[in-house]
Amino acid sequence: MTDPAPHRDGNCLAGPLSEILAVEPTAAWWRCPECARSGPLAELHVYGPEPGLTARCPGCAYVALRLVREERHVWLTLGSGDGAFRFTVA
Ligand SMILES: [Zn+2]
Numbered sequence: 029m030t031d032p033a034p035h036r037d038g039n040c041l042a043g044p045l046s047e048i049l050a051v052e053p054t055a056a057w058w059r060c061p062e063c064a065r066s067g068p069l070a071e072l073h074v075y076g077p078e079p080g081l082t083a084r085c086p087g088c089a090y091v092a093l094r095l096v097r098e099e100r101h102v103w104l105t106l107g108s109g110d111g112a113f114r115f116t117v118a
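So in the numbering used here the end of the sequence shown lands on 118, straight run, no missing numbers.
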């Protein structure tokens, strides 16, 4: 596979991500790609049970994010797509 464009590696995201991951997450603004509703993350409808939580748009039930908590990791999927980020936690 050829790389179509010059790029940097993921280390360049460390600064921007450390800024957003250090703030109060419930105040984060979210916009639904399905129905265009927008509002703070705190308004999402969250379904469980833990350790797997799914947050859905209150307007159309589109999946905003999925979060799975394990003993030492948190898996985070943004939106309805596949794939997940794994964060190591204490
Ligand atoms: Zn929606």
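Don't be surprised by glycine CBs; every beta carbon is placed ideally from N, CA and C.
- With a cut-off of 7 Å, the C-beta of residue 87 is classified as near ligand 1, since at least one heavy atom of the ligand falls inside that distance.
- By the Cβ criterion, the stretch 84-93 is in contact with the stretch 60-67, since at least three pairs of Cβ atoms, one from each stretch, lie closer than 8 Å.
- Of 82, 37, 100 and 99, the smallest CA-CA separation from residue 106 is found for 82.
- Separation of the CB atoms of residue 68 and residue 96 is rounded to 22 Å, and the pair is thereby denied contact status at 8 Å.
- Beta bridge pairing from DSSP links residue 75 with 82.
- Here the alpha carbons of residue 98 and residue 34 stand approximately 36 Å from one another.
- Residue 77 has its alpha-carbon roughly 28 Å from the corresponding atom of residue 45.
- Ranking 90, 101 and 53 by CA distance to the CA of residue 108 puts 90 first.
- Taking non-hydrogen atoms of ligand 1 into account, the C-beta of residue 62 is found less than 7 Å away from one of them.
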